[in-house]
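**Student:**
Residue numbers (our numbering): 7 to 223.
#1: From the DSSP output, in three-state form, read off residue 180 for me.
#2: State the Cα-Cα distance for the pair residue 113 and residue 186, rounded to the nearest angstrom.
#3: Taking the CB atoms as reference points, tell me whether residue 59 and residue 140 lie closer together than 7 angstroms.
#4: Buried or exposed: where does residue 128 fall if 16 or more other Cβ atoms within 10 Å of its Cβ makes it buried?
#5: Report the partner residues of residue 3 according to the DSSP bridge assignment.
#6: Anyone know if the C-beta pair for residue 220 and residue 147 falls short of 7 angstroms?
#7: Could you check if residue 158 is buried or exposed, using at least 16 other CB atoms within 10 Å of its CB as the buried criterion?
#8: What are the partner residues of residue 55, as DSSP defines its beta bridges?
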């Protein structure tokens, strides 16, 4: 595999810029809807690489976040993760009034509604981030990977998120009285999981690897 540079686009996590062979290519890391709930698929599927024309270069703003910006973003993320449980504890008495008697089938239905609505929100956000290019012709298909430390980090995050979703789902299924907190928890972790593409190749410009390149004739 060859070493490449992977750049982020300002305020747009749907795409990444691949600098390969002295050319700039754009890849859509949400091209497959399966990546909404399985973001790690980006590491094992060939990406459609579209060369960025001179016209489009002026319309695409490459992000110039540095390590300090990244650390600040991570701190804000941890703060948000801490505020969530705090609000749920404070608002629990109110949420308890919203609970109602339920059964196995209704619990399954509520879980599906929570997951589907979360993915629907992701789909709406994804559409708004779509970029119109003057040339959409695919130049090649290739596997694009970040540095190994990012792969390991994202695998661990993915496992943790899926674990929480599964545990909350199992907890919901076994309940005889619905828990709004459990349903909101499933929605929250599903949204976080579907948004993992923000970090799948890191938020800042980074090095990576490209392999299995198949050029289109």
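We put the CB at the ideal spot given by N, CA and C, even for glycine.
**Tutor:** Concretely, from the data shown:
#1: coil
#2: 11 angstroms
#3: yes
#4: buried
#5: Not covered by the structure: residue 3. The range shown for the chain is 7 to 223.
#6: yes
#7: exposed
#8: 146
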